[in-house]
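Residue numbers (our numbering): 3 to 332. Taking it in order: structure first as structure tokens, then the write-up.
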Amino acid sequence: MPNTIWASLAAIVLAGCSSSPASQAPTEGRIVVALTIDWEGAQISRDGLDAVDTLRKGLDGAPITHFVSAAYFTKARPDATAVTAIAEAVHPGDELALHLHAWRSLAKASGIEPRLSPSFLTGTDELLEFEDGDVGFDLDLDAYSVPELRALVRTSRRLLAQTGVPISKTFRAGGYLSTPKVLQAIRDEGYTVDSGAIDYRQLGALGDDFLPTRIKELWPKVGTDSQPFFVDAPGGPLLELPIAAVSDYVTAPDIVGIFEAAHAQLQKAPGRDVFVVLGFHLETAAEFAGRLGEAMGKVRARHELATRLQFTTMEGAAELARSALTPPPN
């Protein structure tokens, strides 16, 4: 993620259409939309939660998939409101999924030795420092071995279970760095869906060089119009649901353009679903979630687009995608 965005995050800490059941296959192709939010593990603010609520009001009940870091529970002084805040934010019909940033406090809670370099933002040994003393938000997950990554995943899942909300088998890596080691670790832990693939150019447009280059190494062919695909992992394939756009990095017109491109794909193959995964972040929602709301308002105002939308969770999107894809041979 660009340094400008995460400098903003550090500063913060320092200071619709109705949804349709995914199991009901449409008679004609739809634009399948999965709205996602990453909870980074830094700070749950009232401003961020209010921004999510404001966004929801314009979505007519569309579900949201919450990729949540468990680091809120592992700080030196854990947020006493975290369990309630997460449980209340995940509405009926939403999905609770796992988001992994390698916070030092989470590593300690997982019983592994914390790694303190390199940063996926800069490639250096300097990690972002937060007021609460925790670091590791921008640590490259590849600093850990597969067994250590599995420990981080297991501990995260155990901690998130405190919310009482069912946790899906959908995963997103911090920094979008679903490396081979990360994919092996989550596959070994029983996860079946990853959502880390993103167009590296989307982040590079904001002037950050190191992370886009790193993402390009992993996802060189992924664009804003990329569709679900299978990725190889020891133990079996994982379904990859690429991210079309994250509102922190693009404008509302950019997002509308993604829907226009999706509609054009439908025109070429009318019987085939087109998938659009959109994202934003809790910690920067007050600043950037409005872009997503503005874009969705414009999309829903256009009849040719609005009539083709089907909102669902990442689990629902995965179910639809699997029905249309041929699984790779084992």
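Using N, Cα and C, we set each Cβ at its ideal position, and we do this for glycine too.
Close beta carbons around residue i, own chain, < 6 Å, minus the five adjacent residues each side
i: arginine 324; result: none
i: arginine 274; result: Gly31
i: aspartate 40; result: Phe69, His101, His283
i: aspartate 227; result: Ala263
i: threonine 76; result: Ser107, Leu108, Ala111
i: glutamate 150; result: Ile114
i: alanine 153; result: Ser112, Ile114
i: isoleucine 257; result: Ala247, Ala297
i: alanine 235; result: Leu185, Gln186, Arg189
i: threonine 315; result: Pro65, Thr67, Glu97
i: proline 28; result: Confidence at proline 28 is low in this model, with a pLDDT of 48, below 50, so the placement of that residue should be treated as unreliable; the coordinate-derived value is given next. Nothing listed; no residue qualifies.
i: tyrosine 193; result: Lys171, Phe173
i: glutamine 204; result: Tyr251
i: glutamine 229; result: Phe277
i: glycine 206; result: Pro214
Run of the alpha helix (DSSP H) containing residue i, from where it starts to where it stops
i: aspartate 275; result: No alpha helix (DSSP H) holds aspartate 275; DSSP gives it neither H nor E.
i: glycine 107; result: The sequence as given places serine at residue 107; glycine does not occur at that position. 106-111 is the extent of the alpha helix (DSSP H) around serine 107.
i: threonine 157; result: 148-162
i: threonine 226; result: Taken as a continuous stretch (DSSP letters only), threonine 226 belongs to no alpha helix (DSSP H), as it is neither H nor E.
i: lysine 183; result: 182-190
i: phenylalanine 231; result: Looking at the DSSP string, phenylalanine 231 is not in any alpha helix (DSSP H); the run it does join, the beta strand (DSSP E), is 231-233.
i: leucine 294; result: 287-302
i: glutamate 306; result: 305-308
i: leucine 143; result: No alpha helix (DSSP H) holds leucine 143; DSSP gives it neither H nor E.
i: glycine 318; result: 316-326
i: threonine 86; result: 84-91
Endpoints, the beta strand (DSSP E) within which residue i is located
i: phenylalanine 212; result: That residue, phenylalanine 212, is in no beta strand (DSSP E); its alpha helix (DSSP H) goes 212-220.
i: histidine 101; result: 97-102
i: histidine 68; result: 66-70
i: isoleucine 200; result: Neither: isoleucine 200 is in no beta strand (DSSP E) and is coded neither H nor E.
i: alanine 175; result: 169-175
i: phenylalanine 313; result: 311-313
i: glutamate 242; result: 240-242
Beta-carbon contacts of residue i that lie in its chain and below 7 Å, excluding the five residues immediately before and after
i: serine 25; result: With a pLDDT of 45 at serine 25, under the threshold of 50, the predicted position of this residue should be treated as unreliable, and no value is reported.
i: leucine 159; result: According to the sequence provided, residue 159 is arginine. The question's leucine does not apply to it. Closer than 7 Å at the Cβ level, and outside the excluded window around arginine 159, lie Leu100, Ile169.
i: alanine 271; result: Gly31
i: tryptophan 221; result: Ala199, Ile200, Tyr202
i: serine 191; result: For the sequence presented, residue 191 should be read as glutamate rather than serine. Within the same chain, glutamate 191 has close Cβ partners Arg152, Val155, Arg156.
i: alanine 175; result: Leu102, Leu143, Val184, Gly198
i: glutamate 306; result: His265
Beta-carbon spacing of residue i, residue j below 8 Å
i: valine 248; j: glutamate 242; result: no
i: glycine 198; j: leucine 213; result: no
i: valine 67; j: glutamate 97; result: It is threonine, not valine, that sits at residue 67 in the sequence shown. In this structure, glutamate 97 lies closer than 8 Å to threonine 67 by Cβ.
i: glycine 135; j: alanine 78; result: yes
i: glycine 125; j: alanine 288; result: no
i: threonine 172; j: valine 195; result: yes
i: valine 224; j: threonine 38; result: no
i: phenylalanine 313; j: valine 35; result: yes
i: aspartate 127; j: proline 120; result: yes
Close-in-space but distant-in-sequence residues of the same chain around residue i (CB under 8 Å, 5 per side omitted)
i: aspartate 144; result: Leu179, Thr181, Lys183, Val184
i: glycine 95; result: Ser21, Gly63, Pro65, Thr315
Contact the segment 71-82 vs the segment 296-316: 3+ CB pairs below 8 Å: no
Counting beta carbon pairs with one atom in the segment 81-88 and one in the segment 163-172, are three or more of them shorter than 8 Å? yes
Cβ contact check for the segment 88-99 and the segment 135-145: 3 or more pairs under 8 Å: no
Hey, which unbroken runs of the beta strand (DSSP E) at 3 residues or more fall wholly within the segment 32-66? 33-41
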